[in-house]
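With the first letter of the sequence shown counted as 1, position 98 gets the number 97 in numbering that gives the first Met the number 0; the numbers rise by one all the way through. Glycine included, every Cβ here is placed at the ideal spot set by N, Cα and C.
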Amino acid sequence: MIYILLSILSSSIIFVVFKLYRKYGVNTLQAIIVNYFVACTVGFFGYIENLDITSIPQESWFPGTLILGMLFISVFYLAALTTQRSGLSVVSVATKMSVAIPVFCGIFLYNESTGAFKIIGIILALAAVYLTSIKSEEGISIKKKNLVFPLLVFLGSGIIDTTINFLENSYVSEQDVGLFSSTIFAIAGSLGVCILIIQAFLGKLKLNLKNILGGIALGIPNYFSIYFLVMALRSPGFESSVLFTINHVGIVLASTLIGITLFRERLIRKNWIGIALAVIGILLVANS
Numbered sequence: 000m001i002y003i004l005l006s007i008l009s010s011s012i013i014f015v016v017f018k019l020y021r022k023y024g025v026n027t028l029q030a031i032i033v034n035y036f037v038a039c040t041v042g043f044f045g046y047i048e049n050l051d052i053t054s055i056p057q058e059s060w061f062p063g064t065l066i067l068g069m070l071f072i073s074v075f076y077l078a079a080l081t082t083q084r085s086g087l088s089v090v091s092v093a094t095k096m097s098v099a100i101p102v103f104c105g106i107f108l109y110n111e112s113t114g115a116f117k118i119i120g121i122i123l124a125l126a127a128v129y130l131t132s133i134k135s136e137e138g139i140s141i142k143k144k145n146l147v148f149p150l151l152v153f154l155g156s157g158i159i160d161t162t163i164n165f166l167e168n169s170y171v172s173e174q175d176v177g178l179f180s181s182t183i184f185a186i187a188g189s190l191g192v193c194i195l196i197i198q199a200f201l202g203k204l205k206l207n208l209k210n211i212l213g214g215i216a217l218g219i220p221n222y223f224s225i226y227f228l229v230m231a232l233r234s235p236g237f238e239s240s241v242l243f244t245i246n247h248v249g250i251v252l253a254s255t256l257i258g259i260t261l262f263r264e265r266l267i268r269k270n271w272i273g274i275a276l277a278v279i280g281i282l283l284v285a286n287s
């Protein structure tokens, strides 16, 4: 249980950092790319013993990290497009509702339990994610021509969680968790550098110190959000469908409370209903 709590805490710190990006005008793309290398470095030098980088391509999980690295960058880009076209609330809902994909994969692919309380808890959790993410009483609206972007964010985010769960179950040994996590970030960062090089050739690249500092601030909690999630998946006693539900809804709850406490965000009635449903959903799922 401690690992899932630490994963929720790390992911909630990421929320705070992103909020500060908007306040201080940090270039999100540049900071994200720096963050990947910082996260990679934290793992390589803090959680890996007897590191031999040349052996990484021979690891059975390496092809999966290539896919995850590409997904990390792609989903980020799609999230940015969705934000520009449909707003932050749409991105938030698409990202957090994606928990449905690893939850149902856990049930159908790994034959995890499907008790009544668990199913009700999952449904309440999904409703809670939606209700806590919207920022107006009217809910969210998406133009038909822009619908593909949040749909791809939903699918991409869900595939990331599902792929991590699959690799952890099938290929990643306990001593390789740190190396596995760091390799994902190294690949995502390398792809990000390619994007920056293209921007430089097009004359659109402007680097500054605050973007680098923003990447450092993001990279540390980002590494631990993945590391502790993988460690939680390895812990006995929790099915992946239960763990992903608690993780996503816990992040929603923690982020909402941080928003109220640190950023003086005001919640509408639907947000409060979502918080109540989130608590009930977690209790039902955790005790199913």
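Going by alpha carbons, who is nearest to Ser172 out of Glu111, Leu212 and Ser59?
-> Ser59
**Message:** Can you check which of these residues, Gly45, Leu5, Pro220 and Gly213, is closest to Arg21 by C-alpha distance?
**Reply:** Gly213
Check Arg263 in the structure and name its three-state DSSP category. coil
Distance, Cα to Cα, Ala277 vs Lys117? 13 angstroms
What number of angstroms, rounded off, separates the C-alpha of Ile183 from the C-alpha of Glu167? 13 angstroms
Next item on the list: Can you have a look at Phe200 and say buried or exposed, based on whether 16 or more other CB atoms are within 10 angstroms of its CB?
Entry: exposed
- Query: Smallest Cα separation from Gly280: which of Ile257, Phe243 and Leu150?
  - Reply: Phe243
Pop quiz: Val251 and Lys95 are said to be a contact at Cβ under 8 angstroms. What is the actual Cβ separation, rounded to whole angstroms?
6 angstroms
For this session: Report the rounded CA-to-CA distance for Gly105 versus Glu111, giving the unit in angstroms.
Result: 6 angstroms
Counting only runs of 4+ residues fully inside the region 16-93, write out the alpha helix (DSSP H) ranges in chain order.
-> 27-45 and 61-85
Notebook entry, point to check: Alpha carbon to alpha carbon, how far is Glu238 from Ala231?
Noted result: 10 angstroms
In this structure, does DSSP put Leu204 in helix, strand or coil? coil
Give me the Cβ distance between Ile163 and Leu67, rounded to the nearest whole Å; I'm assuming they're in contact under 8 angstroms.
7 angstroms
C-alpha distance - Thr82 paired with Phe17, whole-angstrom precision
13 angstroms
So is Val176 buried or exposed if we call it buried at 16+ other beta carbons inside 10 Å? buried
Same chain, Cβ closer than 7 angstroms to Leu26, neighbours up to 5 away in sequence not counted: The amino acid at residue 26 is misidentified as Leu; the sequence shows Asn. Counting only Cβ-Cβ distances below 7 angstroms, and skipping sequence neighbours, we find Asn210.
Worksheet entry | C-alpha distance - Leu125 paired with Gly202, whole-angstrom precision | 43 angstroms
Can you give me the C-alpha to C-alpha distance between Tyr109 and Pro62, rounded to a whole angstrom?
22 angstroms
| How should Asp160 be labelled, buried or exposed, when 16 other C-beta atoms within 10 angstroms of its C-beta is the threshold for buried? | buried
Is it the case that the Cβ atoms of Asn270 and Thr131 are separated by a distance below 8 angstroms?
yes
Practice task
Give, in chain order, every unbroken run of the alpha helix (DSSP H) that is at least 4 residues long and sits entirely within the region 123-176.
Solution key: 147-169
Need the endpoints of the alpha helix (DSSP H) that Gly114 sits in, please. Per DSSP, Gly114 belongs to no alpha helix (DSSP H) and is neither H nor E.
6 angstroms CB neighbourhood of Leu208 in its chain, flanking five on each side removed:
none
Tell me whether the beta-carbon of Ile13 lies closer than 8 angstroms to the beta-carbon of Leu190. no
Residue range of the alpha helix (DSSP H) that Asn270 falls in? Arg268 to Ala285
Judging by CA-CA distance, which residue of Ser10, Met0, Gln29 and Ser11 is the nearest neighbour of Gln198?
Gln29
Next on the checklist: Once DSSP output is grouped into helix, strand and coil, what is the label at Pro235?
Outcome noted: coil
Margin query: Which of the three DSSP states is assigned to Ile181 in this structure?
Written below: Just to set this straight, residue 181 is Ser in the shown sequence, not Ile. In the structure shown, Ser181 sits in a helix (DSSP, three-state: H, G or I).
Work out the CA separation of Ser169 and Leu287 for me, nearest whole Å. Note on identity: in this sequence residue 287 is Ser, with Leu being the wrong assignment. Going from the Cα of Ser287 to the Cα of Ser169 covers about 25 angstroms.
request  = With a threshold of 16 other CB atoms inside 10 Å of the CB of Asn49, please say whether the residue is buried or exposed.
outcome  = exposed
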